[in-house]
Structures are given as C-alpha cells and as structure tokens.
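Quick notes on the structure that follows.
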Amino acid sequence: MSSSQLQNMFAITRTKVILIVSLVITWSFASILPHYTSTIRAHFKARIHDALQKIPTIKVDWNTTSDDPRDAYSSQKVALMIEPRVLPHLVPQILHMIAVVPPDWRFVFIGSEKSVISVGRAYATKHQQVIGKLDLMVLPEPWQIDSKESVFRIMTDVRFYDEFLPGVEWILKYESDSILCANSGTSINEWLDWSWVGAPRTADDQFSGNGGLSLRRVSAIRQILEFQVRFNDTQPEDEWFGKRLILLPGAKVAAGIDEALAVEDVYREKAMGFHVRDGGQNLPDAVWRDPNQRQQIFGYCPELSMIMDMKLERERCPGDNKQGEILGEGFM
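Residue numbers -5 to 326, in the numbering used here, belong to the letters of the sequence shown in order.
Pasting the structure below:
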C-alpha cells in the first residue's frame, strides 16, 4: 500500500467524525439505559393512563328487551308454597296472595304432578305464568314432598336453594292453611331487614318464627347450613332453624308478640296474616274460643274463610254457646 493511500485512510474527514461521535453516543446510551428503564416505563404508563382517561366511555346495548317475562320482577324475592295435595282453594288462595304481596315479588308453587296440574289448569293461573309472575314446579327425583318430614328435609338442604331458588335472598313461605290479610296496613317489604319472622307460639317466645307463614332471609339460612346438619325425623325445620338463628351473630330474629308477622297460637290485633294450623282442625282457644274475638278477626281478615272449614250460623246445634260447648237440658 502506498503512502498516499495510508494518508487518505487516516485522514480526518467530516463523515468519520460524525460516525465516531454517533458510536460514542450510542455506547453511552447503551450503558445508561438499563439504570433508567423502570423510570421510562413508569413515565410511559402514566402518559398512556392519562390519555385513556380522556377517551369518552361508550356503552353499546345490543338488546334492549328481554325475552324472559320473569325479568320484570325481582329475582331476589319469592313467595313459596309447597303442597302435594289437590285442594279446591289453592287457586283462589294463590291469586289472593299475588294481589296482596308487593308487585315486585315472584311466586313459586312446588307440588306433585296432580296438584300442579290442578293449579295450572285455571285460566287465571295460566295468565300469571305467561306474564312471568308464577312458576309451577314438580321437583325431580330424588326430591320428595309427600310428607311434612320430606319438606323439612328440603328446607334444610342447601342444594335446594342452589338448584331451584338460585339468587333468591328473601322467601315468603306460606302454606295451604295460611294467608295474608288485605286489610293490613303493613307491606311485607317492610320486614326485609329481618333474618326470620313469623308467628310466636307463646307471648314471650324468643323466636316468633313459626314456618307456616314466615319471611326468611336465605343468606342467614345459608350461614346455618354451612356448619349445621339437621338429623332426619327430628324437629320441624322452623324450630330447628330458630334455635340456631337466635344464637347467630348479626341475625335479626323476631321475638314475642310485638315483632310477630302473623297470628297462630297467640292473638294480636291487625296482624299481617294468620296461620290456621291444619285448616282449622287444631284451633288454639286463646285466639278462637271467644265469639266476639272471632267476629273481630273475620271482620278484619275475611279471607280466612277461604282456607278454613266454615258453617252458617243457622247450622248451629241448639244450646251451642259459640265456644265449642253444647249447653242446656238433655246435653252433657
């Protein structure tokens, strides 16, 4: 290689200077960048977050209507009756309860195939089904409702609530021998903050929660069933729950007469409803013996005649004192 070529190779030109400076800057950034990576990332995230906050929120509702008519009612409130028998008053009783209970409640009737067919054949109940107000249901095997004990087992099994009443928080449980009074000045919705409320058995009952007509909070029921199991053929389900609910921290349970929802064994004026055990076959004297009190009860809640065996006054026997006794000559 000639000397002139060597001189040209090592000659300082503008291009070489720029190239050398670029390499120095690149190496400098390469050595410094790892120390500032987290800071740079945080800065970019902050800038991106600020930009996202300035983007307007847009909600697209592709379907504004629901095909399920039940969506018109609360999914958390259900009035429940379980009845396997075919009884002539079930349809008018259910329709009366639908009229009295606040309109946001749904109704569920669980029965045998025969009782469901009997209730479902009426035009009025068909209409309630069409509008999503009433569901008629036959439980699949192995669930059974052919006896009181089988119903007790259902109501104390958390799987029943999971499978057939999902999402329900309040259950108004009523039976074929219980009814709400249309003349009541109180709404069932005024009791929603209670864990369980029903009828007392005595004036000083610690648990006024007889299950024949009762409002129950499912979240409280689930708390009990998480750590307690009812043994078969023992206490009725309402008594079993009651003994545990009164000890459950945070549970609000009705006690005594003043906090009662309904009348069964202890009378109080203008109750929301009545539970007439066994359709009136076992009437407590404290409620029904006095004829003046009976007149007052039927004047306030004439719907009771729908669920009780009644007779006309002219059908009374001679000497009937209207207190269940026959007095007079020739009678013991």
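A virtual CB, placed ideally from N, CA and C, is assigned to each residue, including glycine.
Here residue 129 has 102 as same chain residues with Cβ atoms under 6 angstroms from its own Cβ, once five neighbours each way along the sequence are excluded. In this chain, the alpha helix (DSSP H) harbouring residue 157 covers 152 to 158. If you check the CB distance, residue 105 and residue 78 come in under 8 angstroms. For residue 172, DSSP records a beta bridge to 269. In summary, residue 17 is exposed, with fewer than 16 beta-carbon neighbours lying within 10 Å of its beta-carbon over all protein chains present. Residue 261 and residue 280 have their C-alpha atoms spaced approximately 7 angstroms apart. Residue 125 carries a coil assignment under DSSP once its states are collapsed to helix, strand and coil. For residue 191 against residue 181, the beta-carbon gap comes to about 13 angstroms, at or over 8 angstroms, which does not count as contact.
Taking 4 residues as the shortest admissible run, the stretch 68 to 147 contains the following complete alpha helix (DSSP H) segments, listed from N- to C-terminal end: 84 to 94, 107 to 114, 117 to 124. Within the stretch 211 to 296, the complete beta strand (DSSP E) runs of at least 3 residues fall at 267 to 269. Shown here, residue 165 sits in a strand according to DSSP, grouped into three states. In the structure shown, residue 186 adopts coil according to DSSP, grouped into three states.
In the DSSP secondary-structure assignment, residue 207 is bridged to 168.
Distance from the CA of residue 119 to the CA of residue 126, rounded to the nearest whole angstrom, comes to 11 angstroms.
The Cβ neighbour count for residue 117, taken over all protein chains shown within 10 Å, is under 16; the residue is labelled exposed. Bridge pairing for residue 15: absent [DSSP]. Proximity to residue 209 across 183, 170, 221, 68 peaks at 183, based on C-alpha coordinates. When the five nearest sequence neighbours on each side are left out, the beta carbons in the same chain lying within less than 6 angstroms of the beta carbon of residue 140 are those of 78, in order along the chain. Counting of Cβ neighbours within 10 angstroms places residue 9 among the exposed residues, the total staying below 16. With a 10 Å radius around the Cβ and a threshold of 16 neighbouring Cβ atoms, residue 296 comes out exposed. The beta-carbon distance between residue 274 and residue 302, rounded to whole angstroms, is 4 angstroms. This is short enough to meet the 8 angstroms contact definition.
In this structure, 206 is the residue among 206, 185, 242 with its C-alpha nearest to the C-alpha of residue 269. Comparing alpha-carbon positions, the option among 251, 171, 63 lying closest to residue 198 turns out to be 251. For the options 157, 219, 92, 176, the alpha carbon positioned closest to that of residue 291 is the one of 176.
Taking the C-beta atoms as reference points, residue 173 is found no nearer than 8 angstroms to residue 121.
Its Cα nearest to that of residue 123, the residue 64 stands out among 64, 137, 168. Residue 216 is positioned such that its CB atom lies closer than 8 angstroms to that of residue 152. In this model, residue 238 and residue 225 are separated by some 14 angstroms (Cα to Cα). Residues of the same chain with a CB within less than 6 angstroms of the CB of residue 258, apart from the 5 flanking positions on each side, are 193, 204, 269 in chain order.
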